[in-house]
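Remember, my numbering sits 308 above the position in the sequence shown when you count from 1.
No residue lacks a Cβ here, since even glycine has one placed at the ideal position from N, Cα and C.
In this text, all values refer to a predicted model and were calculated from it rather than measured experimentally.
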Amino acid sequence: MAEANSMYDYIVIGGGSAGSIVASKLAASDSNAKILLIEAGKLLLNPKMYNPSDWFEVLQQHPEIDWGYQSVPQKNLNSRVIMLPQAKALGGCALHNAMVYVRGGRSDFDKWGKVAPGWSWNDVLPHFESIEQIIKVLVAKTDHLNFINDLFAAAKQYGLPENPNYNTSESQYGYAPFQFNNIRALSKLFRETTFNTFLPAVHTNVTVIAEALVTKIRFNNTKAIGVEYVQKNEKYFAGVRHEVVLSAGAIASPKILMLSGIGDETELAKFDIPVVVNVPEVGKNLHDDLFVSAGFSIPEDKDVPVYSYSLAPAVIFGSTENSSSVVDIECSVGVGTLKGFPGPKNSFWLWPNVMHLKSKGTITLRSSSPDQAPLVDPKYLTVPGDLQSCITALQLGIDIGNQSSLGQWREKQIAPEPGTDLESYIRETANTTQHYCGTCRMGIDQSSVVDTKLKVRGVSGLHVIDASVFPLPITANTAAATMMIADKGADIIIRSYHN
């Protein structure tokens, strides 16, 4: 195995939304520090990848930028295998997500603060505001969009309030123009990532190694001393003076920990992996949201709306309990004119994302080989009550889509067809929102994987900073909170070495 040419002060595993921010902040904090950023994917130069309206088409036509993860058959979804997109490229999931920017509710983070002191709303707000200075959140302009205005009128008819800034209001409840992140308005809209916004060329103390698969973190007893990786079939080792930061995402981060000897010792023993420390919760507590679909055909003589965003620029936040204090539905909107859209062109769709489902899944190793994807079992709808939450959310989409305000846009309801058994429809069609989190849960209890400083329990020199540390789910897409965690986590590390 080839040794690294030199030691690094910090090694960051994963050049996605979290890792790019962490590497950038560590580099800016000390110009003499040497930072290594390792990414399994490549730097994408194809401009098509950065066109927001090509979102569906990119997902379908460019499997090389995705890990290709899939679930084990899901018993409660008619034994379907669910594809689980996760980007594999510098920039991470910002390359193929919906680009919407939702912080999450104040109550979400106050719940975090109860199980992880220091992570309540008032604690995390400065870090949201910090990243927003760079990613430049764009509020969609919708005043001139007839379909969106009629959609908002339908939401109002349904009984929801207008809530123009869901990221700063007391409650997210209501309808609003979507806010988008990592999007730049040039002659047309352009998708950006934290890699190209946070890591400009001026950071000369950052070394980026792409197309390199991390195989394990190496330890001396319980101190992380470096990282082993493979690039172009050659094995390498890079040493570290201070910290290894694992930012590989909610699926890959627990996998790398387990391959490195951190996990449930009984699971590691199955593959003869030497145990560094027994942390049974690694890979447990997997949370993901489901989305359900209400579709409507648009009359042939009606011009179907065309938008420059990844989705129609509107969002509706609702509640399975019909309460502004319990917001657990985020309903996004799609139209058939989106490139690569998997439905009829003359159609519009309401997609309620069902948040705060109680079912929790697992990430486990398939073997000791780093080349093999882990076994991912989200265990969708295994907890009583989750199915009813999906039915309630779907009914919200159906009811809003059938309001009279959308009459000129609605020919008929096409999915689910009227009279369809909603339980059967959900089991056949519900799908992942790609909001995986929680698999390296943060907390103050000794069973948590990381503490409130994001340090892995039982070892030194190792932090996890990505969506895997979510202690609880939130009413939001995971992108904004993941970037916030990266900003706060980097500050924690910087303070520990500069105080």
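Reference residue i; option with closest CA among the options
{"i": "GLN703", "options": "LEU658, ARG499, VAL432", "result": "LEU658"}
{"i": "ASN473", "options": "GLU629, ARG735, ALA622", "result": "ALA622"}
{"i": "THR737", "options": "ALA620, GLY709, GLY603", "result": "GLY603"}
{"i": "GLY715", "options": "TYR805, SER605, LEU433, GLU365", "result": "SER605"}
{"i": "SER555", "options": "SER314, GLY651, VAL777", "result": "VAL777"}
{"i": "SER633", "options": "ASP416, ASP774, THR700", "result": "ASP416"}
{"i": "LEU646", "options": "THR628, SER667, LEU619", "result": "LEU619"}
{"i": "PHE649", "options": "THR728, ASP362, ALA331, MET357", "result": "ASP362"}
{"i": "ILE570", "options": "SER667, ASP458, LYS531, VAL432", "result": "LYS531"}
{"i": "SER712", "options": "ASN471, TYR537, PHE460, HIS771", "result": "PHE460"}
{"i": "ILE373", "options": "SER387, ASN384, TYR358, ASN386", "result": "TYR358"}
{"i": "ILE533", "options": "SER768, TYR805, SER697", "result": "SER768"}
Beta-carbon proximity of residue i to residue j, cut-off 8 Å
{"i": "ASP596", "j": "TYR733", "result": "no"}
{"i": "GLU500", "j": "TYR318", "result": "no"}
{"i": "ASN329", "j": "PHE488", "result": "Checking the sequence shown, residue 329 turns out to be Ile, not Asn. Their beta carbons are not under 8 Å apart, which means ILE329 does not touch PHE488 by this criterion."}
{"i": "ALA520", "j": "ALA348", "result": "yes"}
{"i": "THR747", "j": "ILE802", "result": "no"}
{"i": "VAL410", "j": "ASN475", "result": "yes"}
{"i": "THR690", "j": "ILE390", "result": "no"}
{"i": "LEU392", "j": "GLN378", "result": "yes"}
{"i": "ALA326", "j": "ILE793", "result": "yes"}
{"i": "LEU497", "j": "PRO607", "result": "no"}
{"i": "THR523", "j": "THR628", "result": "no"}
{"i": "GLY376", "j": "VAL635", "result": "no"}
{"i": "PRO485", "j": "THR450", "result": "yes"}
{"i": "VAL366", "j": "GLY751", "result": "no"}
{"i": "ALA463", "j": "ILE706", "result": "no"}
{"i": "ILE289", "j": "ILE321", "result": "The chain is shown from 309 up to 807; residue 289 falls before or after that span and cannot be answered."}
{"i": "GLN480", "j": "ASN471", "result": "yes"}
{"i": "SER808", "j": "ASP774", "result": "Only positions 309 to 807 of the chain appear in the structure, and residue 808 is not among them; the question remains open."}
{"i": "VAL514", "j": "ALA331", "result": "yes"}
Burial state of residue i (16 or more Cβ within 10 Å)
{"i": "VAL614", "result": "exposed"}
{"i": "GLY265", "result": "Lying outside 309 to 807, the shown extent of the chain, residue 265 is not represented and no answer is given."}
{"i": "THR786", "result": "buried"}
{"i": "PRO779", "result": "buried"}
{"i": "ASP609", "result": "exposed"}
{"i": "ARG674", "result": "exposed"}
{"i": "LEU665", "result": "buried"}
{"i": "GLN742", "result": "buried"}
{"i": "ASP795", "result": "buried"}
{"i": "LYS333", "result": "buried"}
{"i": "THR574", "result": "exposed"}
{"i": "SER677", "result": "exposed"}
{"i": "GLU437", "result": "exposed"}
{"i": "GLY467", "result": "exposed"}
{"i": "GLY693", "result": "exposed"}
{"i": "GLU440", "result": "buried"}
{"i": "MET791", "result": "buried"}
{"i": "LYS653", "result": "exposed"}
{"i": "HIS452", "result": "exposed"}
{"i": "GLU478", "result": "exposed"}
{"i": "ASN593", "result": "buried"}
{"i": "GLU725", "result": "exposed"}
{"i": "ASP572", "result": "buried"}
{"i": "GLY394", "result": "Reading the sequence as shown, one finds Gln at residue 394 and not Gly. GLN394 is buried by the Cβ-count criterion."}
Three-state class that DSSP yields for residue i in the structure shown
{"i": "GLY603", "result": "strand"}
{"i": "CYS401", "result": "helix"}
{"i": "GLU551", "result": "strand"}
{"i": "ALA326", "result": "helix"}
{"i": "VAL691", "result": "coil"}
{"i": "TYR318", "result": "strand"}
{"i": "TYR275", "result": "Nothing can be reported for residue 275: it is not among the residues displayed for the chain, which extend from 309 to 807."}
{"i": "ASN528", "result": "strand"}
{"i": "GLN716", "result": "helix"}
{"i": "GLN703", "result": "helix"}
{"i": "TYR377", "result": "coil"}
{"i": "TYR615", "result": "coil"}
{"i": "MET663", "result": "coil"}
{"i": "THR747", "result": "coil"}
{"i": "ARG765", "result": "coil"}
{"i": "HIS832", "result": "The question about residue 832 has no answer here: the residues shown for the chain are numbered 309 through 807."}
{"i": "GLU347", "result": "coil"}
{"i": "ILE533", "result": "strand"}
{"i": "ILE290", "result": "With the chain covering only 309 through 807, there is no way to say anything about residue 290."}
{"i": "PRO485", "result": "strand"}
{"i": "ARG674", "result": "coil"}
{"i": "MET309", "result": "For MET309, the predicted model reports a pLDDT of 49, less than 50, meaning its position is unreliable and no value from the coordinates is stated."}
{"i": "GLU575", "result": "helix"}
{"i": "SER732", "result": "helix"}
Residue i at chain C interface by Cβ criterion, 8 Å
{"i": "ASN489", "result": "Of the chains in the structure shown, none is chain C; there is only one protein chain."}
**Prompt:** Residue ranges of each alpha helix (DSSP H) run of no fewer than 4 residues wholly in the stretch 390 to 474, ordered along the chain?
**Reply:** Taking 4 residues as the minimum length, the alpha helix (DSSP H) runs contained wholly in the stretch 390 to 474 are 414 to 423, 429 to 443, 454 to 466, in order along the chain.
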